[in-house]
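Below is one structure, written out as structure tokens, with a few remarks after it.
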Amino acid sequence: GPSASVSPQIEFGECTVTCGIGIREVLLTSGCPGTETKCIVGVEECRSSVDCGWGIPISEGLACMKIACIFMPPEYRFKYVWKMLIPNKTAHILPSDSSIMKVCRDTHSGTFQCETQEKGNTIASIKYTVYAKTEQSRTTTKLEQSMRTTTDAILVFSLVTGIVVTVGVIIPIIFMIFYW
């Protein structure tokens, strides 16, 4: 009799991001080579929540830092709108249309937001706080204390693990030497 044609079944993998724009796998669930039950036939862009919350500025020394919008290459296909957020006031739109903005603490401390737009729609939004030097020193001290505590815990764990492994290896070797 005539053979039944099997139409390909397509599934999509998870988006690589929890906000903004990412990629996901396109999977075939029938007609894969060999005994594979699923095979990747491509990747495509995917969208997630627009609000990406708070980002961490990239330090460029003590005075300045870079803050970046959410984008996926090629970055020129998106429009970037930078805003300075002022409490209880309308956001001030900044003249920069670049995906990355350099901000110096002494002239531009405050809260910034970048909206990534495609065809007039906002597809991602991220905020940054850039502290003035005096605010930064207080924040850094708390952060350094937290990091020091974490580092101490890691060092103690590593030391104890090293001792246990060393003893666990040396005792059997001594046992083998004397009783072999």
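The sequence shown begins at 1 in the UniProt record's numbering and counts up by one.
Each residue gets a CB set at the ideal place from its N, CA and C atoms; glycine is no exception.
Every value quoted in this text rests on a predicted model; they were computed, and no experiment measured them.
| query | result |
| --- | --- |
| Run of the alpha helix (DSSP H) containing Asp-97, from where it starts to where it stops | Neither: Asp-97 is in no alpha helix (DSSP H) and is coded neither H nor E. |
| 8 angstroms CB neighbourhood of Arg-77 in its chain, flanking five on each side removed | Glu-118 |
| Opening and closing residue of the alpha helix (DSSP H) in which Arg-105 lies | 105-108 |
| Chain-order list of residues whose beta-carbon lies under 8 angstroms from that of Val-164 (same chain, five-residue window excluded) | none |
| Identified DSSP bridge partners for Asp-51 | Ser-125 |
| Beta-bridge partners of residue 233, as assigned by DSSP | Outside the displayed range of the chain (1 to 180) lies residue 233, so it cannot be described from this structure. |
| Inter-stretch contact (C-beta, 8 angstroms, three-pair minimum) for the stretch 156-174 and the stretch 47-62 | no |
| Exposure of Thr-18, with buried meaning 16 or more beta-carbon neighbours within 10 Å | exposed |
| DSSP three-state assignment for Gly-168, whether helix, strand or coil | helix |
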